[in-house]
Amino acid sequence: MAERKVALLIPVYNDQEGLEETLAHLPGEIPLDVVVVDDGSQPPITLPQLPPPHRAFLLRLDGNRGITGALNEGLRFVLARGYPYVARLEARDVALPGRFAKQLRFLEEHPEYALVGGQARFVDPTGRETHRERFPTEDGEIRRVMHARNPFLHPAVTLRTEALRAVGLYSERYPAAEDYELFFRLVKGFKVANLDEPVVEVLVNPEGISGKKRRRQLLTRLRILLENFDPGLKESWLGLLKNGALFFTPTPLVGWLKRRLPGRRGWL
14 MAERKVALLI
24 PVYNDQEGLE
34 ETLAHLPGEI
44 PLDVVVVDDG
54 SQPPITLPQL
64 PPPHRAFLLR
74 LDGNRGITGA
84 LNEGLRFVLA
94 RGYPYVARLE
104 ARDVALPGRF
114 AKQLRFLEEH
124 PEYALVGGQA
134 RFVDPTGRET
144 HRERFPTEDG
154 EIRRVMHARN
164 PFLHPAVTLR
174 TEALRAVGLY
184 SERYPAAEDY
194 ELFFRLVKGF
204 KVANLDEPVV
214 EVLVNPEGIS
224 GKKRRRQLLT
234 RLRILLENFD
244 PGLKESWLGL
254 LKNGALFFTP
264 TPLVGWLKRR
274 LPGRRGWL
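Taken in order, the sequence shown gives residues 14 to 281; the numbers are from my numbering.
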């Protein structure tokens, strides 16, 4: 069997069915070591049989630590075992055929890059496509756009573990936007990119983000934008204005705008 270079990190909390759906659809173009972190689920998560050539490891947390704690527990496992790359995926999302091979090839051919993401298909529970969102692909464009919004879809990225050793793991200081803050740290020392093709199918939660969580996320985003503010970039000003306005916009109105402006969902 080929050398296992990629660990796939999946945190999960009280979603056995979603995890099984994700694992059942793993493409098999390269062997993956799947690291599932059970974030205190009740009943505890169990691992189903994985399709070859993959194998799985289950880490159980004593209690529910939240997404950041679960991610970091998984990353410590990955780093301790020396995998050169770690990919992300969420329970209920589906990695599309070719995703891991293409992202691995990109990082192998471009050692100066710390991270590569990709485009996504957003679908409802029936499998119908709900909308599309364009993620920038080139390093220079990404560096500008990220001052206005997150230019990566978290479950679509694969990261170089050497870069994580250099910048550190996810920070507990940025609730609901821990990935965004980590991406800012990565671009300060490395190049980043998105593939120009879909790499993941994302299930859209019909209930959306709760108002409480959304306001916390917006406050965290504003803090990240202020900490990385560049007065010479129009995107920095746009990011502050947009997130400030959204903070005072009622959640039902945001949902209405998303339905009417599907191509702009990433800005909301």
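All residues carry an ideal CB built from backbone N, CA and C; glycine is no exception.
Given this structure, state the Cα-to-Cα distance separating residue i from residue j, to the nearest angstrom.
i	j	result
Leu-32	Asn-218	15 Å
Arg-94	Ala-176	15 Å
Glu-125	Gly-87	24 Å
Gly-76	Ile-58	13 Å
Ala-100	Leu-117	9 Å
Glu-142	Glu-210	16 Å
Ala-114	Leu-128	14 Å
Gly-140	Glu-42	24 Å
Leu-60	Phe-70	8 Å
Glu-16	Ser-249	42 Å
If we count the other Cβ atoms within 10 Å of its Cβ and call it buried at 16 or more, is residue i buried or exposed?
i	result
Ala-37	exposed
Leu-84	buried
Gly-252	buried
Asp-51	buried
Phe-242	exposed
Lys-201	exposed
Lys-247	exposed
Can you tell me the Cβ-Cβ gap for residue i and residue j, rounded? I've got them flagged as a contact below 8 Å.
i	j	result
Met-159	Phe-196	7 Å
Pro-97	Thr-171	At roughly 10 Å, the Cβ-Cβ gap does not stay under 8 Å, so Pro-97 and Thr-171 are not in contact.
Val-48	Leu-74	Wrong, their Cβ atoms sit about 13 Å apart, outside the cutoff.
Arg-112	Pro-40	6 Å
Can you determine whether any heavy atom of the ligand MN sits closer than 7 Å to the C-beta of residue i, and answer yes or no?
i	result
Arg-198	Among the ligands in the structure shown, none appear at all, so the ligand MN cannot be discussed.
Please report the residue range of the alpha helix (DSSP H) in which residue i lies.
i	result
Phe-203	Phe-203 -> no alpha helix (DSSP H), and no H or E assigned at all.
Asp-152	152-158
Val-180	174-180
Thr-81	79-93
Glu-33	29-37
Phe-119	112-122
Output the boundary residues of the beta strand (DSSP E) element that contains residue i.
i	result
Gly-131	126-136
Glu-142	142-144
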